[in-house]
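The structure under discussion appears below in the form of structure tokens.
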Amino acid sequence: MSESERGRGGTGDAAEPPASTSPGERLEELALLVSRRFSGVAPILPRGTEILHLIRSGLGPHYVVWARHRSAYLWYCGPDHGAQLGVTAEQAAETIGRTLELPPA
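Quick note: the sequence shown uses this note's numbering, first residue 7, plus one each step.
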């Protein structure tokens, strides 16, 4: 672990995105990962919002937000409202795929 990681309280295991990354940027990253990894879902981030819409044909939508106060992706609305999907886009994408039973792309 480097001195800079120690000073930030890092573990040296995984690099965290810069604190200045906006929720919109984090959700764009997640949308890209989901669209590349899975079929049967359209991840849409409407302009001017900070809510990622996961649209599936014939099924109700799911929504994801980036919660700054928890530094994590969370389900937004529905029975799992507030449940954490992951702290990285990779973790969140895998949780989304598993939870929504999405086929690989």
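Here a beta-carbon is modelled for each residue, glycine too, at the ideal position from N, C-alpha and C. The structure displayed is predicted, hence computed values, not measured ones.
Can you tell me whether DSSP reads residue i as helix, strand or coil?
| i | result |
| --- | --- |
| Ala-89 | coil |
| Thr-142 | Given that the chain is displayed from residue 7 to residue 111, the structure contains no residue 142 and the question cannot be resolved. |
| Arg-14 | In this prediction, Arg-14 has a pLDDT of 40, which is less than 50 and means its spatial position is unreliable; what the coordinates show is noted afterwards. Of the three classes helix, strand and coil, the one that applies to Arg-14 here is coil, per DSSP. |
| Thr-55 | coil |
I need the boundaries of the alpha helix (DSSP H) containing residue i, first residue and last residue.
| i | result |
| --- | --- |
| Ala-73 | Not the alpha helix (DSSP H): Ala-73 falls in the beta strand (DSSP E), residues 65–73. |
| Pro-108 | The sequence given here places Leu at residue 108; Pro does not occur at that position. Neither: Leu-108 is in no alpha helix (DSSP H) and is coded neither H nor E. |
| Ser-41 | 29–43 |
Mind checking which residues open and close the beta strand (DSSP E) that includes residue i?
| i | result |
| --- | --- |
| Ile-61 | 58–62 |
| Arg-48 | At residue 48 the sequence reads Ala, which differs from the Arg that was named. Unbroken beta strand (DSSP E) run through Ala-48: 48–50. |
Please name the residue or residues paired with residue i in a DSSP beta bridge.
| i | result |
| --- | --- |
| Ala-78 | Ala-73 |
Determine the burial state of residue i: buried for a count of at least 16 other Cβ atoms within 10 Å of its Cβ, exposed for fewer.
| i | result |
| --- | --- |
| His-87 | exposed |
| Thr-27 | exposed |
| Pro-49 | buried |
| Leu-65 | exposed |
| Ala-37 | buried |
| His-75 | exposed |
Taking residue i as the reference, give the member of the options with the closest Cα.
| i | options | result |
| --- | --- | --- |
| His-59 | Gln-97, Ile-102 and Pro-109 | Ile-102 |
| Ala-73 | Pro-67, Leu-91 and Thr-105 | Leu-91 |
| Leu-106 | Glu-34, Arg-43, Arg-32 and Leu-33 | Arg-43 |
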